[in-house]
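Remarks on the structure that follows.
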Amino acid sequence: MPLARPARAAVLLAAGSLLLTGCGGSKATTVRAAVTLDNCGHEVRVEASPQHAVSLNQGTTEILLSLGLADRLAGTATWTDPVMKGLAKANAKVPRISDNSPSFERVLDAGPDFVAASFVSTLGKGGVATREQFEKLGVPTYVSPSDCAGKDNSGGGDGARAKALGIDTVYGEVHDLATVFGVKERGDQLVASLQRRMAKATRGVDASDVTLLYWFANSESPYMAGCCGAPGIITRALGAKNVFDDTHEEWPQTNWETVADRDPDVLVIGDLTRTSQTAESAAKKIAFLESNPVTRNMDAVKHKRYVLLSGQAMNPTVRTVEGVEKVAAGLRAFGLVK
């Protein structure tokens, strides 16, 4: 199956235009108030800075809030976790259309002039609506480049990656959205802050002898991270190894016998507040691990080597940096860092 096209430049040069390049994301040309992006294979033209945007996933919402754009958000949807630390006050000002995936009609009721989503599936068939449906109504759409760069979303499940995702693609999304909303300097500052945090978290860390497993959700047929999504960014940053790095699927489902056989040193556990799967919270996951006869004798379980992450930190978002920080701190606490 062909790979989904990564976001790349759509350059419309004119006298006096300014070229702004998102690191690892799309390239945008700003001509007066207009911005044109080639985003995940779609040409997106935004005539003026959005004033009533809707964000359909928590990842894009937290970027927009981090850029100080709460006053330009008409609604948000699809939350897996409490909002990122430091953003609660801003988030409280924004209407929440739905905790989960909203209907197309509910989104339109918010009167959006721009729609952003973290996943191709959100703006695809079976999602909230297709990009074409919004565009027919004159509403430009944007999908996080991290969900299409080097990734095939044409099959079932959460897609598969031909190559490993890099953190620069996440930074590129920040630059893209900052450009669209006319707050480039804020985007530069946010990316610089994330880069400093990454450097601090990984300084002096050598976890080359450590194996990790990332469990997102579901106790019956668990979703474990493959090699190359956001958990791959965390793993590579620390020099560790993911015990499921032999699969390029984003979140393959597996069985507990296979997990126990691979016996990772550390279990990185998604601590979710949603309720759509079994064992969403970390507490429920740990209770399962410590009572199930197949998993309770795993080395990480016997020694309680658990690192708890928000769902957003396990997806390619600005909170992936938080994931690097927390896993690094956990490895230090367990005495596993050289």
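Read in order, the letters of the sequence shown are residues -28 to -1, 1 to 310 in mature numbering (1 follows the signal peptide of the UniProt record, and there is no 0). Beta carbons: idealized from backbone N, C-alpha and C, even for Gly.
Query                                                                                                                                    : Result
Range of the contiguous alpha helix (DSSP H) that encloses residue 63                                                                    : 60 to 63
Residue from 186, 194, 259, 191 with nearest C-alpha to residue 204                                                                      : 186
The stretch 137 to 152 contacting the stretch 109 to 125, beta-carbon criterion three pairs below 8 angstroms                            : yes
Reference residue 223; option with closest CA among 171, 270, 285, 196                                                                   : 196
Spatial distance of residue 106 from residue 112 (CA atoms)                                                                              : 7 angstroms
Chain-order list of residues whose beta-carbon lies under 6 angstroms from that of residue 90 (same chain, five-residue window excluded) : 29, 31, 32, 116
Secondary structure of residue 209, DSSP reduced to three states                                                                         : helix
Continuous alpha helix (DSSP H) assignments of at least 4 residues falling wholly in the stretch 96 to 153                               : 103 to 108, 139 to 152
Every unbroken alpha helix (DSSP H) inside the stretch 23 to 80 [4 residues or more]                                                     : 30 to 38, 60 to 63
Three CB pairs or more closer than 8 angstroms across the stretch 11 to 27 and the stretch 151 to 161                                    : yes
Rounded C-alpha distance that separates residue 240 from residue 171                                                                     : 21 angstroms
Separation of residue 292 from residue -6, as counted between CA atoms                                                                   : The pLDDT assigned to residue -6 is 43, lower than 50, so where the model puts this residue is not dependable, and the model offers no usable value.
Rounded separation between residue 316 and residue 47 - CA only                                                                          : The question about residue 316 has no answer, for the chain in this structure spans -28 to 310.
Test item: CB-CB of residue 77 and residue 56 under 8 angstroms                                                                          : no
Buried/exposed call for residue 261, threshold 16 Cβ in 10 Å                                                                             : buried
Residue 305 to residue 264 span [Cα, whole Å]                                                                                            : 26 angstroms
As assigned by DSSP and simplified to three states, the class of residue 252                                                             : coil
Local Cβ density within 10 Å of residue 257, reported as buried at 16 or more and exposed below that                                     : buried
Residues near residue 229 by beta carbon distance below 7 angstroms, same chain, minus five either side                                  : 266
Straight-line Cα distance separating residue 281 from residue 232                                                                        : 21 angstroms
DSSP state of residue 226 mapped onto helix, strand, coil                                                                                : coil
Beta-ladder partner(s) of residue 14, from DSSP                                                                                          : 11
Cutoff 6 angstroms; reference residue 67; Cβ partners in own chain excluding five residues on either side                                : 47
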